[in-house]
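Line by line, the protein sequences give chains E and D. For what it's worth, our numbering labels the leading residue of the first sequence as 9, then goes sequentially. For what it's worth, our numbering labels the leading residue of the second sequence as 1010, then goes sequentially. All C-beta atoms in this analysis are idealised placements derived from N, C-alpha and C, irrespective of residue type, glycine included. In what follows, a single structure is set out as structure tokens and then discussed.
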Amino acid sequence: MTLFDRVQRAMVYVLLSLAAFVSIFPFFWMIVGSTNTSADIIRGKASFGDQLLINIVNFLASVDLFSVLFNSTFIAVTTTFFTLVVSSLAGYGFEMFRSAFRERVFAVLLLMLSIPFAAIMVPLFVMMARMGMINTYSAIILPTISSIFIIFYFRQSTKAFPGELRDAARIDGLNEWQIFFRIYIPVMRSTYAAATIIVFMANWNNYLWPLIVLQTNEMKTITLVISSLASAYYPDFGLVMVGTILATLPTLVVFFVLQRLFVEGMVGSIK
Amino acid sequence: MTDKLKSSSLAILLASGISLTAMNAAIAEEITVWLWDMNFNGATMIEAAERYKKINPDVTVNIVDFAKADVEQKLQTQLASGTTEGLPDIVLIEDYGAQKYLLSFPGSFEPLNDVVDYSGFADYKVALASVDGQTYSLPFDSGVTGLFYRSDIYGDAGYEADDLENITWERYIEISKDVKSKTGYPTFPIDINDAGMLRILMQSAGSWYFTPEGDLNLKDNPAFHAALDTYSQVLQSPEIYKPISGWTEYVSSFTSGDVASVITGVWMTATIKASGMPGQWGVAPIPRLGSVEGSVNASNLGGSSWYVLASSEEKDSAKDFLGSVWGTDSDFYQKILVNQGAVGSLLAARDGAAYQASDEYFGGQAVWQNFSEWLGNIPGVNYGIFTNEVDSAVAVQLPALAKGASVDDAIEKINAQAQSQTQ
């Protein structure tokens, strides 16, 4: 190894360490913060304190944790399930079945990706109000289950699905639905895992739309609760940090459980 | 009064055969209130609701709290959508945004003139919520400003409370330089990206970015010129201020003892009292703009008020609730002053015991009495629809002013940007 190689290596590690620090520091700050008083957090105290229990007690006193976690979990899990079913079916269909309009329809879908949510928010609200769905889970779940991004993602991944498998299944007498559910889904499980993480995280953290359609304390999700706590004139940041940890844990768990498959899925999609 | 139970449930059958059920239940004679900050606005609303129970036991108050920006976002979206379903009966709106909502969504809010005697409230709070002779708010917390100063540091430099009474900005800058040279402390924190201080200066001169008719009022506005000129003098004396960035650093600068004073709203009192420096603080009236005739030693920063939605099914109860508790109950205002440090805008409240009390934290000064005196002197101005837009146009020019750019040039540029943004 020449001196130049060594220097180059050292530089790479310095850069990687910096990047790792930038990624990890917010988590460190969140955990340290949850053990300190609000005043210490404002002062920038970066060592562990003894306030964790007090912060947890205060958090539980001001938040109905069970209902908040139930709302967030129910919305995220249900949405993830239906998004995967509906959008993967669409992605599969777009790739597998040829039709004269296929590319045109798909191009329109991709164009719609560029419309910001804020632009469709008011009409969507009017629609939900007319359907009597304001302040319901359905108002949040229904508009998100056909996700153009996930359709696109599944269509790209389906390009790697071996056509021979489909032909073999047909010869063995499976109909198109059976091919999808019995052959396609098991083969594409890493793609499903990656999509699960993406959709779950997006919906767990979803903020703007739940904010607009949810109207009562009983329906609030954890993101809305934390936002409200953090925006007080004199916020108790210790309590906010406890809430943030609780909001982060489920996405971490989902990610670590599906991590191996997620990496395969991401690699698979670029083949 | 009949209680009417309205409930509707909806089941949606999805492709897979799993159904989702959602309930939406509302009980008549329940007043729903949207607000932010449960510890401050929420706690005062709960106290008011308990008092109203004695007047009208059939009415319950249901409080839903969101972040301030979230309340605004929800209100804006729902009013824009034209559907009234899901709107609350009462909503808290920050004073700077009041005209925006009242003028952009005419007919969406109820005038309260028939249930509230507005002569009993601070003039400026009434003016900001009035359109065409009708007033739409129950004025709540005031942002009356004060000059919070460290009496120990000022004392070391040879200044007593009397030296800060009735002074101009020119004098205050002189004092600040003297305090710095004698004690080493910068006088106040400044966030170069924030135009809040300019708002204070302008309102103390009875002027704003807009004329009472709502037109831009930047060029040829002597008060705006004087305010910007004064502020640029401050910005060009870096020894007298500590540059900070963002709210947390701002609060930390005076709670951790880095600066000798801060000019801010009365709502900061609780924070200053929590910083653990008893007997070391005092509150003086803010300096006035010496070059503007009619400028006073009183101004405002922030504050908010309650509004009744015209679409509300319970609007009569909501109006009665606001009018009878918030509109007249002086004892209620003593309670929320003691418990939440909330300074309301009902002038009669200042004769109560809590307002008269002296505070040892501020060296035995009757701070609430002082604040409520200044409250009555705040000039009324029209906050208009586009205060935030002009604010950002002002903030863009502040760094140049700090480097010594001409005030007239800055006003030209602010005016040009404001014009393009407010059309």
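Annotation for A1402 (chain D): I1423, Q1426 and A1427 place their beta carbon closer than 6 Å to its own, counting only its chain and skipping 5 residues before and after.
Counting the other CB atoms within 10 Å of its CB gives V30 (chain E) a total below 16, which places it among the exposed residues. Y1168 (chain D) places its beta carbon less than 8 Å from that of I1184 (chain D). Under DSSP, Y1250 (chain D) forms a beta bridge with D:F1197. With respect to the 8 Å criterion, R1159 (chain D) and S1265 (chain D) are not classified as neighbours on the basis of their beta carbons. The C-alpha of S1254 (chain D) is placed about 30 Å away from the C-alpha of D1172 (chain D). For Y1158 (chain D), the beta-bridge partners assigned by DSSP are D:S1270 and D:G1291.
Rounded to whole angstroms, the gap between the alpha carbons of I156 (chain E) and L119 (chain E) is 10 Å. Listed along the chain, the chain D residues whose CB falls inside 8 Å of the CB of M129 (chain E) are T1086. With contact defined as three or more Cβ pairs closer than 8 Å, the segment 1354 to 1369 of chain D and the segment 1077 to 1092 of chain D are not in contact. Within the DSSP bridge table, the entry for T1069 (chain D) names D:E1039 as partners. Among the residues of the segment 164 to 192 of chain E, none has a Cβ less than 9 Å away from any Cβ of chain D.
At the C-beta level, Y1061 (chain D) and V1334 (chain D) come within 8 Å of one another. Buried is the label assigned to S1381 (chain D), since at least 16 other Cβ atoms lie within 10 Å of its Cβ.
Taking every protein chain shown into account, the CB of L1346 (chain D) has 16 or more other CB atoms within 10 angstroms, so this residue is buried.
The DSSP-derived three-state label of E1103 (chain D) is strand. At a cut-off of 3 residues, the continuous stretches assigned as beta strand (DSSP E) that sit fully inside the segment 1076 to 1146 of chain D are 1099 to 1103. Nearest CB-CB separation between Q223 (chain E) and chain D: below the 8 Å threshold. Contacts between D1046 (chain D) and chain E, judged by CB atoms closer than 9 Å, involve S236, S239, A240, Y241, Y242 and P243 in chain order.
Counting only runs of 4+ residues, the alpha helix (DSSP H) found wholly inside the segment 87 to 151 of chain E occupies 110 to 120, 125 to 138 and 145 to 149, in chain order. Beta-bridge annotation (DSSP): F263 (chain E) is not paired with any residue. Proximity to G1106 (chain D) across D:D1098, D:Y1127, D:A1138 and D:Y1133 peaks at D:A1138, based on C-alpha coordinates. A residue is called buried when at least 16 other Cβ atoms come within 10 angstroms of its Cβ; K228 (chain E) meets this threshold and is buried. In the three-state reduction of the DSSP assignment, W1315 (chain D) falls in the strand class.
Neighbours of N44 (chain E) in chain D, taken as residues at a C-beta separation under 8 Å, are lacking, since the least C-beta distance is about 14 Å. For L1298 (chain D), the secondary structure class from DSSP, reduced to helix, strand or coil, is coil. Counting every other CB atom within 10 Å of its CB across the protein chains shown gives N1230 (chain D) a total of 16 or more, marking it as buried.
Among the residues of chain D, those whose CB is under 7 Å from the CB of I50 (chain E) are T1257, V1260 and S1261, following chain order. Within the segment 51 to 75 of chain E, the residues whose Cβ lies closer than 9 Å to some Cβ of chain D are R51, G52 and S70, listed in chain order.
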